[in-house]
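Note sheet for the following structure.
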Amino acid sequence: MEQINGWITSGEACERLEIAWRTLYNLHRQSPDFPKPKKIGRTLLWEAKALDAWRGEHPKRQRKKTFVEIRLCIPQQLLALLRTRW
């Protein structure tokens with residue numbers, strides 16, 4: 859696709875925001891403050907500056923820790939104590 863200055867494709871928008879394509883689609887449809895794309899033929903183009911501004915107002919969510927990550931944070935002595943009691 860020919861490059862349009864300052865506008866990016868949906869795939870590039872997903873990479874830029876670090877979200878899945880489905881999330882981009884849901885934000886576009888359901889979030890009133892999410893930047894609106896420009897439609898060229900069948901292609902949605904997103905203004906890069908508007909996406910960056912939106913991300914600045916909506917920081918990326920922190921990933922929940924998995925059980926393994928939580929377990930690594932617990933001191934080994936406490937783990938031994940918990941094992942003896944359960």
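Under my numbering, read the sequence shown as residues 859 to 944, first letter to last. Backbone N, C-alpha and C define an ideal beta-carbon position, used for all residues, glycine too.
Item                                                                                                                                        : Value
Would you decide whether residue 871 is buried or exposed? Buried here means 16 or more other CB atoms lie within 10 Å of its CB.           : buried
What distance in whole Å lies between the Cβ atoms of residue 905 and residue 864, which are believed to be in contact at a cut-off of 8 Å? : 6 Å
Just to confirm the assignment, what range does the alpha helix (DSSP H) spanning residue 907 have?                                         : 906 to 915
Have a look at 866, 941, 942 and 940 and flag the residue whose alpha-carbon is nearest the alpha-carbon of residue 897.                    : 866
For a quick check, are the C-beta atoms of residue 903 and residue 862 less than 8 Å apart?                                                 : yes
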